[in-house]
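K.L.:
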Ligand SMILES: NC(=O)C1=CN([C@@H]2O[C@H](COP(=O)(O)OP(=O)(O)OC[C@H]3O[C@@H](n4cnc5c(N)ncnc54)[C@H](O)[C@@H]3O)[C@@H](O)[C@H]2O)C=CC1
Ligand SMILES: O=C(O)/C=C/C=C(\O)C(=O)O
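Following this line, the structure appears as structure tokens:
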């Protein structure tokens, strides 16, 4: 049985307690490996290693030297592409066709983009007058924040973890990463790549375990971590914020959403259907940016529902290795229980089930997997739980609207504000509505089109702060002003 260990101070180590938990393949329910669960001792060792590494060779490196190393990390991921792909798909069950286009290439890109950005970022300077006439110059320098605690989720494990580790290291910090207990493999594999790329011991540390009363909480409670970056559920974000308040540590939080899609009658219907199929069902609906609420102009409502139904029914449900499959399982049977509870709630609340609503019949070898049907509903009240709460599954509710103002009001009606998507070929309307939507990211006639230089994050209860491009530098560095009297 494969053992998945922590990576602390440049070495793979097991837990002193001997405690382990199973890593399960959600496509068939089989155990992939045994994961060591960190106690306070391992978390403390990881944080101390990260702290010490700040004043070792890593801390003495120039930006250009760090950037070279991070390029080697990216190249190392690409060189071991198939191993990363295999590991990610074993942990998540997602189709290899998806992970080979999104997860693994983004894992590498997240290092390159920030390594290059750091080399080119300008610094501000202000000349000022002084009463004696000699003047002064102010200039700002960026310094690493220190030890960063990275707590990442299971839906896009490598992509979301490296989205934080890439800029954190580019800025000269050291990290302690706590990946999701559901998906420990790629974070662990990355440790081998880091070592081979010449990242000094203690710069990249990994501790495995659960959230509350386990590695996650031990990390956020550790006084020697300077800041935390987290992607996951809003409730977890609140707990992390609370822990970070002790010692006044900064947080960057990318949290839950209940993202709206607005489809106007003047849209290109083919593109709207294709984009909505992805935004509702890609990664089995487990993307925080996904669309779970659709508002469709009444004149095209019937046609849109019928075409989205046909599209959902044409998705090919299957295991990662099947090249025809484009729809994998949910991450776990536990998560399927949660999603199925919403499927049942929808029926109890009087929804029309347009398609899906249950568990598909799978071949014997996959029967233990967390398979679920893509599901579409209509007819629910605006305040029903299915329409207002994040489900994080392959499902959406579609409701007609009659005016632009009504669509905007419906889209903005929830306490979340992560992303929104709108479909219209009327340029004025697209700009006008995009400006009114309460969301950190608005896509017009597209979905999940990502330029890593742009600000990324949520408004309202979907998060605090922005990462991406220079915005990541704001979080991962301290800006220090130096005032020199001439
Ligand atoms: N990208 C997103 O927006 C994601 C949203 N979710 C949502 O969250 C729901 C629950 O899924 P979970 O995996 O339980 O998400 P979660 O938000 O609890 O877990 C994400 C990460 O936080 C850690 N964590 C949990 N509690 C913690 C604590 N008290 N202190 C420190 N770290 C902690 C977990 O171990 C994991 O590494 C899902 O059903 C889904 O609705 C889940 C994963 C990703
Ligand atoms: O492209 C990104 O950086 C992030 C994409 C998706 C998420 O953040 C998520 O699903 O949590």
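Residue numbers (this note's numbering): 11 to 496. Every residue, glycine too, gets a C-beta built ideally from N, C-alpha and C. Source: prediction; values computed, not measured.
#1: Report buried or exposed for residue 326, applying the criterion of at least 16 other Cβ atoms within 10 angstroms of its Cβ.
#2: Are residue 450 and residue 469 touching if we call contact CB-CB under 8 Å?
#3: Tell me the residue span of the beta strand (DSSP E) that contains residue 371.
#4: Are residue 123 and residue 158 closer than 8 Å when you measure CB to CB?
#5: Have a look at residue 6 and residue 109 and give me their C-alpha separation to the nearest angstrom.
#6: Can you tell me which of 242, 188, 41, 273 puts its alpha carbon nearest to the alpha carbon of residue 226?
#7: What are the uninterrupted segments assigned as beta strand (DSSP E) that are 3 or more residues long and contained completely in the region 17-57, given in chain order?
#8: If you run the structure through DSSP and keep just helix, strand and coil, what is residue 2?
#9: Taking the beta carbon of residue 5 as the centre, do at least 16 other beta carbons fall within 10 Å, making it buried, or is it exposed?
#10: Tell me, please, which residues DSSP counts as bridged to residue 262.
#11: Taking only three categories from DSSP, how would you classify residue 469?
#12: Return the chain-ordered list of same chain residues with a C-beta closer than 6 Å to the C-beta of residue 191, the five sequence neighbours on each side being excluded.
#13: Contact between the region 250-260 and the region 228-235: three or more CB pairs below 8 Å?
#14: Go through the region 145-202 residue by residue and report every complete run of the alpha helix (DSSP H) that reaches 4 residues or more, in order.
#15: Please find out if some non-hydrogen atom of ligand 1 comes closer than 7 Å to the beta-carbon of residue 348.
#16: Give a single yes or no on whether residue 174 has its beta carbon closer than 7 Å to a heavy atom of ligand 1.
#17: Would residue 461 be called buried (16 or more neighbouring beta carbons within 10 Å of its own) or exposed?
#18: Report the CB separation of residue 299 from residue 458 in whole angstroms; it is logged as a contact under 8 Å.
#19: Which first and last residues belong to the beta strand (DSSP E) in which residue 232 is found?
#20: On the criterion of 16 or more Cβ atoms from any shown chain inside 10 Å, does residue 294 qualify as buried, or is it exposed?
#21: Is the separation between the beta-carbon of residue 217 and that of residue 98 shorter than 8 Å?
#22: Considering only residues of the region 404-480, which uninterrupted alpha helix (DSSP H) runs meet the minimum length of 4 residues and lie entirely inside it, listed in chain order?
#23: Could you check if residue 487 is buried or exposed, using at least 16 other CB atoms within 10 Å of its CB as the buried criterion?
#24: Using three-state DSSP, classify residue 76 as helix, strand or coil.
#25: Identify which residue in 317, 477, 375, 342 has its Cα closest to the Cα of residue 284.
#26: Pair every Cβ in the region 200-217 with every Cβ in the region 234-249, then say whether three or more of these pairs are closer than 8 Å.
#27: Is any heavy atom of ligand 2 found at a distance shorter than 7 Å from the C-beta of residue 460?
#28: Any heavy atom of ligand 2 closer than 7 Å to the Cβ of residue 269?
P.N.:
This is what the structure gives:
#1: Start at 1 with the first residue of the chain shown, and residue 326 comes out as number 316. Exposed is the call here.
#2: Taking the first residue of the chain shown as 1, we reach residue 450 at position 440. Taking the first residue of the chain shown as 1, we reach residue 469 at position 459. A contact, by the Cβ cut-off of 8 Å.
#3: To locate residue 371, count along the chain shown from 1; it is residue 361. Segment: none, residue 371 is in no beta strand (DSSP E) and carries neither H nor E.
#4: Along the chain shown, read from residue 1 onward, the residue named residue 123 stands at position 113. Along the chain shown, read from residue 1 onward, the residue named residue 158 stands at position 148. For residue 123 and residue 158, no; Cβs fall outside 8 Å.
#5: Nothing in the structure corresponds to residue 6, since the chain is present only between 11 and 496.
#6: On the chain shown, position 216 is the one that residue 226 refers to. It is 188.
#7: 21-23, 30-34, 41-46
#8: In the structure as shown, the chain begins at 11 and stops at 496. Residue 2 is therefore absent and cannot be evaluated.
#9: Coverage of the chain is limited to positions 11 through 496, which leaves residue 5 absent and any answer about it impossible.
#10: As a working mapping, residue 262 is identified with position 252 in the chain shown. According to DSSP, which records beta bridges pairwise, residue 262 is partnered with 239.
#11: The count along the chain shown starts at 1 and reaches residue 469 at position 459. Residue 469: strand per DSSP, three-state reduction.
#12: The residue you call residue 191 lines up with position 181 of the chain shown. Contacts found: 220.
#13: yes
#14: Qualifying alpha helix (DSSP H) stretches, in chain order: 167-180.
#15: Along the chain shown, read from residue 1 onward, the residue named residue 348 stands at position 338. Indeed, a heavy atom of ligand 1 lies less than 7 Å from the Cβ.
#16: For the purposes of this step, residue 174 is taken as the residue at position 164 of the chain shown. No, since every heavy atom of ligand 1 falls outside the 7 Å radius drawn around the Cβ of residue 174.
#17: Here residue 461 corresponds to residue number 451 of the chain shown, with the count starting at 1. When all chains shown are included, residue 461 counts as exposed.
#18: On the chain shown, residue 299 is found 289 positions in, with the first residue counted as 1. On the chain shown, residue 458 is found 448 positions in, with the first residue counted as 1. Right, their Cβ atoms sit about 6 Å apart.
#19: What you label residue 232 is simply residue 222 of the chain shown in a count that begins at 1. Membership of residue 232 in any beta strand (DSSP E) is not indicated, and neither H nor E is assigned to it by DSSP.
#20: Locating residue 294 in the chain shown gives position 284, where the first residue counts as 1. The residue in question, residue 294, is buried, as its Cβ has 16 or more Cβ neighbours within 10 Å.
#21: In the chain shown, counting from the first residue as 1, residue 217 sits at position 207. In the chain shown, counting from the first residue as 1, residue 98 sits at position 88. The Cβ-Cβ distance between residue 217 and residue 98 does not fall below 8 Å.
#22: 414-421, 437-446
#23: For the purposes of this step, residue 487 is taken as the residue at position 477 of the chain shown. Taking a 10 Å sphere around the C-beta of residue 487, we find 16 or more other C-beta atoms and assign the residue as buried.
#24: What you label residue 76 is simply residue 66 of the chain shown in a count that begins at 1. Helix, per DSSP.
#25: To locate residue 284, count along the chain shown from 1; it is residue 274. Minimum Cα distance to residue 284 is reached at 317.
#26: No, the region 200-217 does not touch the region 234-249.
#27: Along the chain shown, read from residue 1 onward, the residue named residue 460 stands at position 450. Correct: residue 460 has its Cβ closer than 7 Å to ligand 2.
#28: Here the question's residue 269 lines up with position 259 in the chain shown. Result no, Cβ not under 7 Å from ligand 2.
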